[in-house]
Amino acid sequence: MREKETAVRDRYTVMITLLCTACLALLILIAFALSKPEEEQHIPAPEMNAEGLCTVTVKHMPQPTEAEILAMAQAMSGECYENEYGDMLKVGMAICNRVDYSGGMYSFPDTIQGVCTQPGQIYGYDPSRRPKEIYTQAAREVLSNWYGIKNGEARPWEPGIKFWSGFGGTKNTFREDYR
3 MREKETAVRD RYTVMITLLC TACLALLILI AFALSKPEEE QHIPAPEMNA
53 EGLCTVTVKH MPQPTEAEIL AMAQAMSGEC YENEYGDMLK VGMAICNRVD
103 YSGGMYSFPD TIQGVCTQPG QIYGYDPSRR PKEIYTQAAR EVLSNWYGIK
153 NGEARPWEPG IKFWSGFGGT KNTFREDYR
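The following block contains the structure:
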């Protein structure tokens with residue numbers, strides 16, 4: 003009989019312990035939900051002009067996405083083979099310049115992936131290719147500079163660079179204008 007009472011008491015002790023633990027966890031979750039993140043607590047009020055309009059210009063700081071980096075690295079890998087790092091950067095700049103290009107006799111997509119995948123644009127692009135780290139590094143550098151320039155930062159860039167693939171093993175060509 004005593005064994006049965008002890009077993010029942012142990013079962014109740016376990017249930018009470020679990021219930022208390024669940025209540026404590028719930029209280030912790032509620033405390034986190036009600037607390038403000040630190041960055042929200044110290045935000046200064048925006049400045050206003052005479053008309054009551056906000057005078058602070060918020061800058062959008064886009065960053066290169068992993069998809070953009072991968073697409074550009076795949077394009078560089080196909081176009082540059084084992085060329086110099088500088089040529090990899092030039093291919094990347096040419097891709098970005100095509101994204102930025104508007105008007106004229108050529109029409110290019112307005113995204114990195116669009117330019118890399120557009121038929122006839124990047125001869126060596128292969129979406130199944132896993133580029134070496136050097137191509138990923140070059141793509142990340144080009145895209146970081148490109149986005150930095152878009153945010154008004156001074157970054158290294160050759161805005162006039164255009165790229166023609168050296169088909170059949172001939173040397174790739176970089177020019178200042180479309181011909």
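For the sequence shown, this note's numbering begins at 3 and goes up steadily by one.
Here a beta-carbon is modelled for each residue, glycine too, at the ideal position from N, C-alpha and C.
Classification of residue i by the beta-carbon crowding that lies within 10 angstroms, buried from 16 upward
i      : result
Lys173 : Low confidence applies to Lys173: its pLDDT is 48, below 50, so where it sits in the model is not reliable enough to give any reading.
Ile18  : exposed
Ala96  : buried
Tyr137 : buried
Ser79  : buried
Leu72  : buried
Arg4   : exposed
Cys98  : buried
Ala69  : exposed
Asn147 : buried
Glu7   : exposed
Expected contact under 8 Å - CB spacing of residue i and residue j to nearest Å
i      : j      : result
Tyr127 : Ala77  : 5 Å
Arg100 : Val117 : 5 Å
Gln120 : Pro129 : Between Pro129 and Gln120 the Cβ distance is about 13 Å, and since that is not below 8 Å, they are no contact.
Pro66  : Tyr14  : About 59 Å; that fails the 8 Å criterion.
Proximity winner among the options, relative to residue i (alpha-carbon distances)
i      : options                          : result
Glu81  : Phe34, Val93 and Ile71           : Val93
Arg142 : Asp102, Arg131, Ser104 and Met90 : Met90
Gln115 : Leu145, Met107 and Gly106        : Leu145
Asn85  : Glu7, Ala140, Thr8 and Asn147    : Ala140
Glu135 : Asn51, Gln65, Asp12 and Tyr87    : Tyr87
Pro133 : Leu28, Gln65 and Tyr83           : Tyr83
Asn153 : Pro64, Asn51, Ser109 and Leu26   : Pro64
Near the ligand HEM: residue i beta-carbon under 7 Å from a heavy atom
i     : result
Ala77 : No copy of the ligand HEM occurs in the structure displayed, which carries no ligand at all.
Delimiting residues of the alpha helix (DSSP H) encompassing residue i
i      : result
Trp148 : Glu135 to Lys152
Gln76  : Glu68 to Cys82
Asn99  : Tyr87 to Asp102
Asp12  : Arg4 to Leu36
Gln120 : Careful: Gln120 lies outside any alpha helix (DSSP H) and carries neither H nor E.
Exercise for the section: Check whether the stretch 148-161 touches the stretch 123-138, taking contact to mean three or more Cβ pairs, one atom from each stretch, closer than 8 Å. Expected result: Inter-segment contact for the stretch 148-161 and the stretch 123-138 is absent: fewer than three beta-carbon pairs are separated by less than 8 Å.
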